[in-house]
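Visitor:
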Amino acid sequence: MLPTTHHAPMQDILVNWAPQETRVAVVENGAVQELHVERAAERGLVGNAYLGKVARVLPGMQSAFVDIGLDRAAFLHVADVHVAGQVGRHGGHGGRADAPPVQPIEKLVFEGQSLVVQVIKDPIGTKGARLSTQISIAGRMLVYLPQDDHIGISQKIGSHELREQLRQRMAALVGTREEGGGGGFILRTNAEEASDAELADDIAYLRKTWAHIRAQALKAPPATLLHEDLNLAQRVLRDLVNERTATIRIDSRMQFDALREFGQLYTPSAVNRLQHYKGERPIFDLFSVDQEIEKALARRVDLKSGGYLVVDQTEALTTVDVNTGGFVGARNFEDTIFKTNLEAALAIARQLRLRNLGGIIIIDFIDMARADHQEAVLGELRKQLSRDRTKITVSGFTQLGLVEMTRKRTRESLAHMLCEPCPACAGRGQVKTARSLCYDILREILREARQFNPKEFRIIASAPVVEMLLDEESQNLAGLSDFIGKPISLQAEATMTAEHYDIVLL
């Protein structure tokens, strides 16, 4: 993990709310550094806790159907029923799918029983949601297991010594049930460098949440939603606000009131920074955020000096190529390259945050002959990346002059969330030329003519393909028509994409 910088600029957080979509921008020095988007239609149920009512117990399947107020009854398997003393799915106590149950389902639940349950798998097609009675509540750095007592550490957290140190610190912070403490916790990877104060805040937040769930369960009717996983606006207060946050501006009065109420209960330190934005201009227009979103979806990123980056996302990794472009400002070519690479280091760190690019990232800086220039560029890149709240490792320059790094995947990248593959090129980024398609069509007609005996072949294709068949390729088309002894007619279809065509047998 890169060290955090102590002189980072102050930041403003803008929240643009609409019933269908919430968008959040983190702005530093007038420039957008992070973007977060959440759509109501794409929010799942996983993590939600309900007061369910057992509708049917099925001993033959060792399962039960539970009514939680959805269209279809949810499904509870015996392996997901919490039983004190049995090793559970979080490594604590409770059911686990690969362990034999201590007792059969009919001994653990009965029809008409009210149970606090949590969704562990969303409903798919005709299948209802899958439930567990072992509750887990995710916080910023911790996952709380109120029915357990153990402290677990994420496998991705470094050395054995560090893991033991974290376990001891947590044990001291958690306390025992007799002291009003207790409960199990799992430390997530972003707890690796957390202070005791940050961990204590997370513990307090999670315990308050569990106390609220229990209080609701005692008075609510069955099939009631007791706890919903936090929405994006609430996660802003929990996850994004830190000592550098100056203001959190939200453009909805209703959401501002709801957020203030949530903050007073769970994150009191953030409440005084909340502001209701009442301006006539849309809140994202203040810092041209919509234009930044468009730029963040583009392949090319222009630098102020005239150089530019080319960002390509693939399944396995992301590549960033640095080019000098029209930059000729320095005294000699070596200085031009050095200055372009320094500017690119700052831009790359920002683009990774803005686009939320994760996994393996390969950066191809312009080749530098001097070792001190390489070190300075690498130092600038590390410095800029240190502001990132996501875990990053930088390996330095390889023998081929590339910089290899990794950035932890936390959610879908901006491009994957807002875009889909182009229907014309299926994500290749290029389409066949009109001439290539003409030749594909001619070969296809020859193939069809050997199998079928229609009166006529009709080609339906995009306008550029039809124009080329009528003009430059007209001789080849006429030659094929003579060879197969059938007329070939043409029809341009405006709605067809570049590579799509049909050959109709009449």
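Just so you know, we're using UniProt numbering here: the sequence shown kicks off at 1 and counts up by one.
Built from N, CA and C at the ideal position, the CB exists for glycine as well.
1. Residues in its own chain within less than 6 Å of D321 by CB, not counting five upstream and five downstream?
2. Enumerate in chain order the residues of its own chain whose CB-to-CB distance from A74 is below 6 Å, with the five nearest sequence positions on each side excluded.
3. So what's N272 in DSSP terms, helix, strand or just coil?
4. Would you mind reading off the limits of the alpha helix (DSSP H) that contains E261?
5. For T189, collect the residues of the same chain with a Cβ closer than 8 Å to its Cβ; drop the 5 residues on either side in sequence, then sort them by chain order.
6. Excluding the five sequence neighbours on either side, which residues of its own chain have a C-beta within less than 6 Å of the C-beta of I120, listed in chain order?
7. Rank Q33, R39, V32, A31 by C-alpha distance to the C-alpha of Q20 and give the top, closest one.
8. Can you give me the start and stop residues for the alpha helix (DSSP H) that E294 sits inside?
9. Do you know how far the Cα of K432 is from the Cα of I13?
10. Alpha carbon to alpha carbon, how far is F338 from S305?
11. Kindly identify the DSSP beta-bridge partner or partners of I392.
12. On a Cα-Cα basis, can you pick out the residue from I137, N453, I151 that is closest to W210?
13. Measure the alpha-carbon distance for Q147 versus M61 and round it to whole angstroms.
14. Under 8 Å, do C438 and V465 count as touching if we go by C-beta distance?
15. Look up Y501 in the DSSP assignment and give the residues it is bridged to.
16. Identify the residues that DSSP records as bridge partners of T333: which are they?
17. Kindly indicate which three-state DSSP category N29 falls into: helix, strand or coil?
18. In the DSSP assignment, find the alpha helix (DSSP H) that holds D372 and state where it starts and stops.
19. Is the beta carbon of F287 less than 8 Å from the beta carbon of V27?
20. Could you work out which residue in L265, E404, I459, G396 is closest to A371 when comparing CA atoms only?
21. What residue range is occupied by the uninterrupted alpha helix (DSSP H) comprising T224?
22. When the Cα atoms are used, what is the spatial distance from L166 to E192?
23. Quick one: Cα of S462 to Cα of Q430, how far?
24. Need the endpoints of the alpha helix (DSSP H) that T209 sits in, please.
25. By the 10 Å Cβ neighbour count, where 16 or more other Cβ atoms means buried, how is Q264 classified, buried or exposed?
Guide: The relevant details are as follows:
1. Here residue 321 refers to the residue found at position 321 of the sequence shown. Cβ neighbours of D321 beyond the five flanking positions: V310, D364.
2. For the purposes of this step, residue 74 is taken as residue 74 along the sequence shown, with counting starting at 1. Excluding sequence neighbours, A74 sits near V66, I68, G128, A129, L131.
3. As a position in the sequence shown, residue 272 is number 272, starting the count at 1. Residue state, collapsed to three classes: coil.
4. Within the sequence shown, numbered from 1, the residue matching residue 261 stands at position 261. That run of the alpha helix (DSSP H) goes 253-266.
5. Sequence index remark: in the sequence shown, residue 189 carries index 189 (1-based). Closer than 8 Å at Cβ, skipping near neighbours: S154, K156, I157, K391, K408.
6. As a first step, residue 120 is located in the sequence shown; it is residue number 120 there, counting from the start. These residues qualify, in order along the chain: R130, S132.
7. Against the sequence shown, residue 20 aligns to sequence position 20. Of the candidates Q33, R39, V32, A31, the one whose C-alpha sits nearest the C-alpha of Q20 is R39.
8. The residue labelled residue 294 in the question sits at position 294 within the sequence shown. Residues 289-296.
9. Start at 1 with the first residue of the sequence shown, and residue 13 comes out as number 13. Start at 1 with the first residue of the sequence shown, and residue 432 comes out as number 432. Computed Cα separation, rounded: 44 Å.
10. As a position in the sequence shown, residue 338 is number 338, starting the count at 1. As a position in the sequence shown, residue 305 is number 305, starting the count at 1. Near 12 Å, if we compare the C-alpha coordinates of S305 and F338.
11. To locate residue 392, count along the sequence shown from 1; it is residue 392. Note: I392 sits in a beta bridge opposite R407.
12. To locate residue 210, count along the sequence shown from 1; it is residue 210. The shortest C-alpha separation from W210 is found at I137.
13. Residue numbering aside, residue 147 sits at position 147 when the sequence shown is read from its first letter. Residue numbering aside, residue 61 sits at position 61 when the sequence shown is read from its first letter. Taking the straight line joining both Cα atoms gives about 26 Å.
14. Here the question's residue 438 lines up with position 438 in the sequence shown. Here the question's residue 465 lines up with position 465 in the sequence shown. The answer is yes: Cβ separation under 8 Å.
15. Counting from 1 along the sequence shown, the entry for residue 501 is found at position 501. For Y501, which the question treats as bridged, DSSP gives the partners A461.
16. Mapped onto the sequence shown, residue 333 falls at position 333. The sequence shown places Phe at residue 333, not Thr. Looking at the DSSP assignment, F333 forms no beta bridge with any residue, so it has no partner.
17. Stepping through the sequence shown from its first residue, residue 29 is reached at position 29. Of the three classes helix, strand and coil, the one that applies to N29 here is coil, per DSSP.
18. Taking the sequence shown and counting its residues from 1, the one referred to as residue 372 is at position 372. Start and end: 371-385.
19. In the sequence shown, residue 287 corresponds to position 287, counting from 1. In the sequence shown, residue 27 corresponds to position 27, counting from 1. It is a contact, given that the beta carbons lie within the stated cut-off.
20. Residue mapping note: residue 371 aligns to position 371 of the sequence shown, counting from 1. Of the candidates L265, E404, I459, G396, the one whose C-alpha sits nearest the C-alpha of A371 is G396.
21. Position 224 of the sequence shown, counted from the start, is the residue given in the question as residue 224. Unbroken run through T224 is the beta strand (DSSP E), 224-227; no alpha helix (DSSP H).
22. In the sequence shown, the residue the question calls residue 166 occupies position 166. In the sequence shown, the residue the question calls residue 192 occupies position 192. Each residue's Cα considered, the two are about 8 Å apart.
23. On the sequence shown, residue 462 is found 462 positions in, with the first residue counted as 1. On the sequence shown, residue 430 is found 430 positions in, with the first residue counted as 1. Distance between the alpha carbons of S462 and Q430 is about 16 Å.
24. By 1-based counting over the sequence shown, the position of residue 209 is 209. T209 -> alpha helix (DSSP H) spans 196-219.
25. Taking the sequence shown and counting its residues from 1, the one referred to as residue 264 is at position 264. Per the 10 Å Cβ criterion, exposed.
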